[in-house]
Amino acid sequence: MRGVRAVLAILPLAGAGLLVAAEFATLYEVRVGDSVPPGASSSAGAHHGYALLVIALAVAMMTAGAVAGGSRPAAIALALLGLVALGIALLADRPATAEEGLFGEAYDAARAVAGPALRLELLGGAAILAGAALLLLWPGATPPARRDPSRGRTRASAP
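Counting the sequence shown from 1 gives a position; our numbering is that position plus 2.
Next up, the structure:
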């Protein structure tokens, strides 16, 4: 069963890698005609304070706990981290990809264009969430509960 758990670690770790890549990729750029004026583009990390790097690090630690230790709470934490990553992508970053800002006011031909970071964030969050679901639902992904050794025992001597 340990081999099954190790294979199930691939999705959340790949998702963490995608989140790291997204932080340094272009989130959006404002194009005026065929050019991008200086200062008219932003990386995802600069937009939300590199929060996805922290999430990626936490995903790596929780994956280790869920896979090596067979921890259900770590797998649940993975699911929550995937939801947080998707929330950042959809609620914080996606709206920014459609706004021209000051360039839209200064230039009639200005248009905002989403960069690859948003797709990487969405894929990373989805991979983490899917990996967490597999770790929680796959039979044999977590080791069976250990029997309490103190149950069923009698006291050695009476008071």
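Positions of the beta carbon are idealized from the N, C-alpha and C atoms, including for glycine.
Sequence ranges, alpha helix (DSSP H) only - wholly within the stretch 65-89, length at least 4:
74-89
Taking the DSSP output, what are the residues bridged to Ala116?
Tyr30
Please classify Ala48 as buried or exposed, where buried requires at least 16 neighbouring CB atoms within 10 angstroms.
In this structure Ala48 is exposed. Its beta-carbon is surrounded by fewer than 16 other beta-carbon atoms within 10 angstroms.
Excluding five sequence neighbours on each side, which residues of the same chain lie with their C-beta closer than 7 Å to the C-beta of Ala8?
Val69
Pop quiz: Thr65 and Leu15 are said to be a contact at Cβ under 8 Å. What is the actual Cβ separation, rounded to whole angstroms?
6 Å
Beta carbon of Ala18 nearer than 7 Å to that of Ala58
yes
Below 6 Å CB to CB, which residues in the same chain sit around Val22 once its five sequence neighbours on both sides are set aside?
Ala58
Going by Cα to Cα distance, which pick from Pro118, Ala76 and Gly71 is closest to Ala91?
Pro118
Pairwise C-alpha distance: Ala87 and Gly122
In the sequence under discussion, the amino acid at residue 122 is Leu, which differs from the Gly named in the question. Cα to Cα, the separation comes out at about 11 Å.
Same chain, Cβ closer than 8 Å to Asp95, neighbours up to 5 away in sequence not counted:
Leu29, Ala46, His49, His50, Ala119, Leu120 and Glu123
Going by DSSP, what residue range makes up the alpha helix (DSSP H) through Ala100?
Neither: Ala100 is in no alpha helix (DSSP H) and is coded neither H nor E.
Would you mind working out which of Leu93, Ala98, Ala24 and Leu10 sits nearest Leu52, comparing C-alpha positions?
Looking at the sequence itself, residue 52 is Tyr, so the reference to Leu does not match. If you compare the alpha carbons of Leu93, Ala98, Ala24 and Leu10 with that of Tyr52, the shortest gap goes to Ala24.
How close, in whole Å, do the beta carbons of Ala112 and Val34 come, if the pair is a contact with beta carbons under 8 Å?
Cβ-Cβ separation between Ala112 and Val34: approximately 5 Å, consistent with a contact (criterion under 8 Å).
Does the separation of the CB atoms of Ala134 and Ala77 fall below 7 Å?
yes
Do you know whose CA, among Leu138, Gly72, Ala98 and Ala27, lies nearest Leu82's CA?
Leu138
Would you call Leu93 buried or exposed, if buried means 16 or more other Cβ atoms sit within 10 Å of its Cβ?
exposed
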